[in-house]
Amino acid sequence: MNPPLERNRKFTAALLLAPMVLLLLGFLVVPVAGVLRSSFLDGDYLLEGTGFTVGHYLRFFSDSYYSSILWETFVDGVIVSLICLVVGFPTGYSLARLPPLARRWRTIIVILPLTLSLVVIVFGWLIILGRNGLLNSVLFNLGIISSPKTLLFTRPAVILVLVQQFLPFMILSVLSVVTQIDPVLEQAASNLRANRLVTFRRVIIPLATPGILVGCNLVFVLSISAFITPRLIGGNRVPMLGSLIYERIMSEFNWPSGAAMAFILFVAGLGFTAAFNALAASRLVMGGRLHAR
Amino acid sequence: MRDDFSDNVMKMAGAVVRAVVYTMLALPAVLVIISSFTSGTSMNFPPPGFSLQWYQRAFESEPFMKALWTSTYVAVIVSFLALIIGFAAAFAINRFSFPGKGLLQGLAFSPLVVPAVVLGIGLLYLFAWMHLTQTMLPLLVGHLVLAIPYVVRTVLASLSLHNRVLEEAAMNLRATPFQVIRRITLPLILPGLLSAAIFAFVTSFGNVTVSVFLTYGGNVTLPVQLFTYVDASYDPLVAAVSSIMIFVTLAVILTIEHLIGAERLA
C-alpha cells in the first residue's frame, strides 16, 4: 500500500473512533476522576468543599462501623459469587449442550432478568417475601408456620435476591465458553473410562475457567456495588456500602464523604478482583504443569 | 460399573438445580404480572379476584405516564445515537489496524466495570458543575455511556461473522468504499444492527442504578419513579406499572430473538 493511502486509512479509522473515545473520555473517565478529586475536598456539603484533605478517608478507616460494613459487603459479594457459580455452572453447561429448540425458551428466561429493570425484579421479590406474601402463605397453608414470619429485612433475603439478579451473568459466561468446548473431548474422556465427575473435574472445569472467572468477577463487582436491593429488601437493617453511599449523597448531601466511600468501593473492588484473578491464573498454570507431568 | 452411582447422583442433582434456577429466574416477573390483575387493594398473595382496575389507575396516573414518556423518549434517542457511535467504532476496530487497539476495546467495555454508584455521582457532579442538571442531558449522556459496550459487542460480533466475499466482489466491480458499505455491508449486518439498537433501548429503558443520580432536575424515568414509590410504600398500582415494563421488555427480547436467533442472544 502506498504511503498517502496508508495515511488516509489511519485518518478514517481515527475519525470513526473519535465519537466513542470522546464520549467515554468526557463522560466516563472525567466523571470518575471528578469523584476522586471531590473525595479530597474539605467540607461536608454538596459542592461546597474547597482545598485538599484526606480526612474523609481517615474517618472511614478509623471508624470500625464503616470498616465492618466494607467487610460485610465484600463477604456478601463472595457469598453471592459462590452461590451463582455453584448453581449457575451446571445450568450454563446444560444450556450449551441442549438442542437449539430446547435452548430457545430457556435462554429467554435467562435473559429476561438481565433486560428487565432491577426495580421490577426487586418488587417481584417483595411480593414473594412480604409479610402477606407468597412464601408466608405457602408455609402457613402447609402448616409449617402458625403466623407470618418476617422474611424481608434480613441478610439471607438480600443475598437471595442478589443471586437471582446476577445469576444470568454467570450462566451466560459459562454458556459462552462451554459452547467452544468440543463435545468430542467429553466422549474421549468417557471412552477412557472417566466417569462424569472425573470428566467434569479434569476436562470441563479447566477448559471453562476463563468463563468462570469472567462470571465471578462480574457478579462480585455488581454485588458489592448494589444499593437498590439492599435498600428495598434489607431496609435499614442490612447496610451495604452501596446503600450507605446512596444515602450519604442523596439524603445527607454529604458529597465529599460519599465520593470518598464510592472511590474506596471502586478501588477495593478492582484490587480484590485483580488479586483473585492473579491467584486463579497462577493456580491454573501450576495445575497445567501437574497435569502435563 | 462402580461409577454408576456418582453419575446418577450428578445427573439428579443437575436436574434439581436447573429446575430451581429456571423457576427462580422467572418467578418474580410472573408474580408481578399475577398480582397486577388483583381486585384487592393490597399486595396480599394469592390475590382475592381478577380485575383490570390497577391498569386503569396506572394509565390515569400522571406521574407514571409522564415517567413512561420520559423513559421512552430517552431510550429512543439513546439507541439511535449509541448505534451510530458504536457502529463507527466497531467498524474501525474490525476493519482497520492501528496501534492501541486492545486498549480501545478495553475502553469500549469499561462502562461495564465501573460501579453504577461511581458513574452516577461522577456524572451528577460534572453536570452540576456545568449547571445542566435541570435538563434531560445527564440522562441521555449517562445511558449512552452504558449502552456503548452492548452496541460495540453486538456489532463486532456480526461484522466478524459475515462473509466478506461479497464486499470483495463489489470492490472488484469498482464500487467505491462508501458504496460497498451502504449497498453490501449494512444490509448484510442489518439484523445485528437492529438488535444492537434494541439492546441499547432496553439498557436505557430499564436502568435505575445510574438514573437515580441523574433525575435530580425533575425529568424522572419510569424505573426511578417506581423506585421512589416502592421506597415509601407499595400497592397493586406498582404491580400494574411493573407489568407494563415486563410486557415491553418481553416484546423487545422476542424481537431480538426473532432477528438474530436465541443462540446469539447471549
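If you're matching them up, the sequences are chains A and B in order. What the first sequence shows, in full-length UniProt numbering, is residues 1 to 293, in sequence order. What the second sequence shows, in full-length UniProt numbering, is residues 1 to 266, in sequence order. Built from N, CA and C at the ideal position, the CB exists for glycine as well. From a predicted model like this one, the values you see are computed outputs, not experimental measurements.
Comparing alpha carbon positions, the residue from Arg95/B, Tyr22/B, Ala90/B closest to Pro149/B is Ala90/B. Judged by pairs of C-beta atoms under 8 Å, the region 72-88 of chain B does not touch the region 153-162 of chain A, as fewer than three such pairs exist. At a cut-off of 8 Å between beta-carbon atoms, Tyr57/A makes no contact with chain B.
Leu175/A: member of the alpha helix (DSSP H) spanning 155-178, first to last residue. By the C-beta criterion, the region 238-258 of chain A is judged to be in contact with the region 70-80 of chain A, since at least 3 inter-stretch pairs fall below 8 Å.
The straight-line gap separating the alpha-carbon atoms of Ala13/A and Pro19/A is approximately 11 Å.
When rounded, the separation of the alpha-carbon atoms in Ala197/B and Arg104/A is 21 Å. Partner residues in a beta bridge of Phe60/A, as assigned by DSSP, do not exist.
If you draw a straight line from the Cα of Tyr66/A to the Cα of Ser223/A, it comes to about 18 Å.
Cα atoms of Arg248/A and Phe272/A: separation of roughly 24 Å, rounded to the nearest angstrom. Beta-bridge analysis with DSSP links Phe50/B to Thr38/B. Pairing Ile246/B with Ala29/B gives a Cβ-Cβ distance under 8 Å. One thing to note: Asn207/B has its Cβ within 8 Å of the Cβ of Leu146/B. Taking C-beta atoms as the reference points, Gly49/B and Ser42/B fail to come closer than 8 Å. Listed by position along chain A, the residues whose Cβ is nearer than 7 Å to that of Tyr73/B form an empty set, because the closest Cβ is around 16 Å away. Every candidate beta strand (DSSP E) stretch fails here, since none sits fully inside the region 83-123 of chain B while reaching 3 residues.
Contact with chain B is found for Ala262/A, since one of that chain's Cβ atoms lies less than 8 Å from the residue's Cβ.
Beyond the five residues adjoining it in sequence on each side, Tyr229/B comes within less than 7 Å, by CB distance, of Val238 in the same chain, given in chain order. When secondary structure is reduced to three states using DSSP, Asp42/A falls in the strand class. Chain A places a beta carbon closer than 8 Å to that of Asp7/B, counting this residue as a contact. Per DSSP, Thr255/B is one residue of the alpha helix (DSSP H) stretching across 236-260. Gly88/A sits close to Val174/A, with the two beta carbons spaced by under 8 Å. Across the set Thr91/A, Val214/A, Val267/A, the C-alpha of Thr91/A shows the shortest separation from the C-alpha of Val16/B. Contacts with chain A at 8 Å (Cβ-Cβ) include Ile85/B. Proximity of chain A to Glu257/B at the Cβ level (cut-off 9 Å) is accounted for by Arg104, Thr107, Ile108, Ile111, in chain order.
Not a single CB atom of chain A sits nearer than 8 Å to the CB of Arg153/B. Between the region 187-204 of chain B and the region 204-217 of chain A there are fewer than three inter-stretch CB-CB distances shorter than 8 Å, so the stretches are not counted as touching. Within the DSSP bridge table, the entry for Thr72/B names no partner. Contact annotation, Ile228/A with Phe205/B: C-beta distance approximately 16 Å; criterion of less than 8 Å not satisfied. The distance from the Cβ of Ala189/A to that of Ile121/B is about 50 Å, inconsistent with a contact at the 8 Å cut-off.
Across the region 144-170 of chain A, CB contacts with chain B closer than 9 Å involve Leu160, Val161, Val163, Gln164, Leu167, Pro168, in sequence order along the chain. Leu213/A and Leu185/A have their C-alpha atoms spaced approximately 22 Å apart. The residue among Arg193/A, Arg106/A, Ala278/A with its C-alpha nearest the C-alpha of Thr23/B is Arg106/A. Identification of chain B residues near Asn132/A by a Cβ-Cβ cut-off of 8 Å yields Ser42, Met43, Asn44, Phe45, ordered along the chain. Contacts between Leu197/A and chain B, judged by CB atoms closer than 7 Å, involve Ser6, Met10 in chain order. Listed along the chain, the chain A residues whose CB falls inside 9 Å of the CB of Met24/B are Val87, Leu160, Val163, Gln164, Leu167.
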